[in-house]
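A quick write-up on the structure given underneath.
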Amino acid sequence: MIPAAFDYARPDTLDEAVRTLHDGGEDAKVLAGGQSLIPILRLRLAFPELLVDLGRIPELRGVREDPATGSLVIGAMTTHHDVIHDPLVRRHAGLLAAATETVADPAVRHRGTLGGSLSHADPAGDLPAVLLALDGEMVAVGPRGRRTLPAREFFLDYLRTALAEDEVLVEIRVPRTDGWGFHYEKFSRVAQGWAVVGVAALVRRDDGRVAEARIGLTNMGTTPLRASATEAALAGAGAGPDAVAHAAEAAAEGTRPASDLSATPAYRAHLARVLTRRAVLAAAGTGRR
Amino acid sequence: MTHISMTVDGTRYEDEVEPRLLLIHYLRDHLGLTGTPVGCDTSNCGACTVELDGDSVKSCNVLAVQADGGEVTTVQGLASDGAWTPLQTAFHEQHALQCGYCTPGMIMAARDLLGENPDPTPEEIRHGLEGNLCRCTGYQNIVRAVLAAAAEERRRRAPAPRPAGAGRPDGRPEGAPATAGQEART
Ligand SMILES: Cc1cc2nc3c(=O)[nH]c(=O)nc-3n(C[C@H](O)[C@H](O)[C@H](O)COP(=O)(O)OP(=O)(O)OC[C@H]3O[C@@H](n4cnc5c(N)ncnc54)[C@H](O)[C@@H]3O)c2cc1C
Ligand code: FES
Ligand code: FES
């Protein structure tokens, strides 16, 4: 279908974008890569009166290192393709690069952005759970200034984040995970499919044991979740297949997965346990792959 | 209405368009470039794939106003003076199409893939084309065609062969990396 009519603004600066968004009120919406928004407009599931295109604001793109903390600072408009190929991301946040490679297909990854994926907050989207596992932070700018939100406070509900209507997500801050093993295990039905369930695992090992594990779950509720019970069971445990399998039994604890055409809640819980075991073993380097 | 200008297949266009106009509709309905088809309503099939500023995109999932100032190449802009590119020839010779509906998008996606990876494995080709659906061929011959085109492009880029007996059997000069010639495109 053809989208309903809307007005279009393409500001050159962040200030102007925030002002335009604020003046547009609740009928104005940010346009990033458009890879989620344009399909929604075409299906006429949303009727914004104004789209504010962030595509020509250079400062929102690219990856740099924060000299004070060493964290990576990723511009919200950095495309999936650029995230995958960025040397800083590959070196210091390998989990993000690996998970982004599983998002959609090359053409969609040329346009879709990290900021757009996080702001869209689709429970089946791969990157929210990854940012949660990485303990990332979102930096938002609005008419009332700038604020930083930990990933844990950013995702509120199905397609809903802590961003106000006139706030722009400007950058994503990711602490380095040098020395951590990582893996993103995604289960989908077709090649370019969304995750039925996905598991993002980070493991820091100390001799033969797991010193610390962080596990993010995709599509196990209306928001991304951490598999806290499994994380606790893994802390200090052995990194071998039996210990990991045992800990992974708790992966679905506290989750409330949805029922849809792809899976029942019980099947999703089963997947969470199986995929968590695989992801942790791969991240710990003790799996078969 | 919003003013846009863009270069499509080497020709520069200026227009006033509605912001809601999709790039695919601009190409087909405004410019008459109907070589690029629309295959779905959900941005899944890839039939509409074109190149925008050097990257493959699904033109049903880009607004024409987003492409303002950009450079677009469609499947219709590939051949020069009627001579097909190696990819086009390979799709023909390897029977990589039946109904042909997916072909313009397949060729544009394959072109993007070979730009990044001039010597892909069959597995890498399958991954690189995962955003393009074909209801007819079963993909087997599409993968063959991309392999054949990749080999032909590498052959064309290699320096003129030395006298008989020199060089490697695949036509690449000795010691040439498999990924040489990234800058050249189909
Ligand atoms: C065929 C297809 C397959 C896909 N498969 C996957 C998949 O497997 N996994 C996956 O994770 N994703 C998938 N996606 C979605 C893709 O990752 C999108 O790129 C992403 O969801 C949205 O990013 P975008 O930049 O295109 O945002 P847009 O579509 O432009 O925006 C999405 C929403 O976020 C808001 N927004 C965007 N940026 C900002 C910002 N900086 N500040 C405030 N609000 C903002 C917009 O207003 C809008 O509501 C797929 C998409 C397609 C078309
Ligand atoms: S028509 Fe564009 S992806 Fe199907
Ligand atoms: S040849 Fe018919 S869809 Fe591919």
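Protein sequences, first through last, are from chains A and B.
All you need for our numbering is the position in the first sequence, starting with 1, plus 2.
The second sequence: position 43 = 32 (our numbering), numbered continuously.
Backbone N, C-alpha and C define an ideal beta-carbon position, used for all residues, glycine too.
It should be emphasised that the depicted structure is a prediction, and the values quoted were computed from it without experimental measurement.
Would residue i and residue j be called neighbours here (beta carbons separated by less than 9 angstroms)?
i         : j          : result
Gln55(B)  : Leu33(A)   : yes
Gly117(A) : Ala78(A)   : yes
Ala252(A) : Thr232(A)  : yes
Thr104(A) : Asp128(A)  : yes
Val61(B)  : Thr(-9)(B) : no
Leu277(A) : Phe157(A)  : no
Glu142(B) : Pro107(B)  : yes
Gly334(A) : Val205(A)  : Nothing can be reported for residue 334(A): it is not among the residues displayed for chain A, which extend from 3 to 291.
Gly35(A)  : Thr81(A)   : yes
Arg216(A) : Ala250(A)  : no
Arg270(A) : Ala254(A)  : yes
Pro93(B)  : Gly24(B)   : yes
Ser73(A)  : Arg154(A)  : no
Val110(A) : Asp88(A)   : no
Val141(A) : Val172(A)  : yes
Glu61(A)  : Gly26(A)   : no
Closest Cβ-Cβ distance between residue i and chain B: below 9 angstroms?
i         : result
Thr257(A) : no
Arg291(A) : Residue placement at Arg291(A) cannot be trusted, given a pLDDT of 46 that sits under 50; what the coordinates show is reported in the next sentence. No - not a single Cβ of chain B is within 9 angstroms of the one on Arg291(A).
Pro322(A) : Outside the shown range of chain A (3 to 291) lies residue 322(A), about which nothing can therefore be said.
Phe8(A)   : yes
Met3(A)   : yes
Ile59(A)  : no
Pro1(A)   : The structure shown does not extend to residue 1(A), since chain A spans only 3 to 291, so no value can be given for it.
His83(A)  : yes
Counting only C-beta atoms, is residue i closer than 9 angstroms to chain A at any point?
i          : result
Arg174(B)  : Because Arg174(B) carries a pLDDT of 41, less than 50, the predicted location of this residue cannot be relied on, and the following value inherits that uncertainty. Taking Cβ atoms only, chain A never reaches closer than 9 angstroms to Arg174(B), which makes this a no.
Gln171(B)  : Low local confidence applies: a pLDDT of 39 at Gln171(B) is under 50, so the model's placement there is unreliable, with the coordinate-based value given in what follows. Cβ-Cβ to chain A under 9 angstroms: no for Gln171(B).
Gly24(B)   : no
Val46(B)   : yes
Arg115(B)  : yes
Thr168(B)  : At Thr168(B) the pLDDT is 42, less than 50, meaning the model places this residue with poor confidence; the figure from the coordinates comes in the next sentence. Output row for Thr168(B): interface = no.
Thr(-9)(B) : yes
Pro134(B)  : According to the sequence as given, residue 134(B) is Ala; it is not Pro. Not an interface residue.
Asp30(B)   : yes
Asn130(B)  : no
Asp101(B)  : yes
His14(B)   : yes
Glu119(B)  : yes
Leu76(B)   : no
Over the uninterrupted alpha helix (DSSP H) stretch that includes residue i, give me the two end residues.
i         : result
His81(B)  : 75 to 82
Leu23(A)  : 16 to 26
Val135(B) : 129 to 146
Go to residue i, then tell me how far its beta strand (DSSP E) extends in each direction, as first and last residue.
i          : result
Leu204(A)  : 199 to 208
Arg270(A)  : From DSSP, Arg270(A) is part of no beta strand (DSSP E) but of the alpha helix (DSSP H) over 267 to 286.
Met(-5)(B) : -9 to -3
Gly183(A)  : 183 to 189
Ala213(A)  : 211 to 220
Glu67(A)   : 65 to 67
Ser45(B)   : 44 to 47
Arg175(A)  : 170 to 176
Ile76(A)   : 74 to 77
To the nearest whole angstrom, what separates the beta carbons of residue i and residue j, a pair I think is in contact under 8 angstroms?
i        : j         : result
Leu12(B) : Leu52(B)  : 7 angstroms
Gly35(B) : Asn121(B) : 3 angstroms
Ala11(A) : Val54(A)  : 5 angstroms
Query raised in the report: Whose CB is closer than 6 angstroms to a heavy atom of ligand 5? List the residues in chain order.
Result: As presented, the structure is devoid of ligand 5, carrying ligand 1, ligand 2 and ligand 3 as its sole ligands.
Query raised in the report: For the stretch -5 to 9 of chain B, which residues have a CB atom closer than 9 angstroms to at least one CB atom of chain A, in sequence order?
Result: For chain A, the residues of the stretch -5 to 9 of chain B that bring a beta carbon within less than 9 angstroms of one of its beta carbons are Glu7, Pro8, Arg9, in chain order.
Requested in this report: Output, in sequence order along the chain, the residues in the stretch 37 to 70 of chain B whose CB is closer than 7 angstroms to any CB in chain A.
Outcome: Those residues of the stretch 37 to 70 of chain B that come within reach of chain A (Cβ to Cβ, closer than 7 angstroms) are Thr38, Asp44, Ser45, Val46, Lys47, Asn50, Val51, Leu52, Val54, Gln55.
Requested in this report: Closer than 8 angstroms, Cβ to Cβ, to anything on chain B: give me those residues from the stretch 109 to 123 of chain A, in chain order.
Outcome: Answer in chain order: Ala109, Val110, His112, Arg113.
Report task. Could you run through the stretch 32 to 47 of chain A and flag, in chain order, every residue whose CB is less than 7 angstroms away from some CB of chain B? Result -> Gly36, Gln37, Ile40, Pro41, Arg44: these are the residues of the stretch 32 to 47 of chain A whose beta carbon lies less than 7 angstroms from some beta carbon of chain B, given in chain order.
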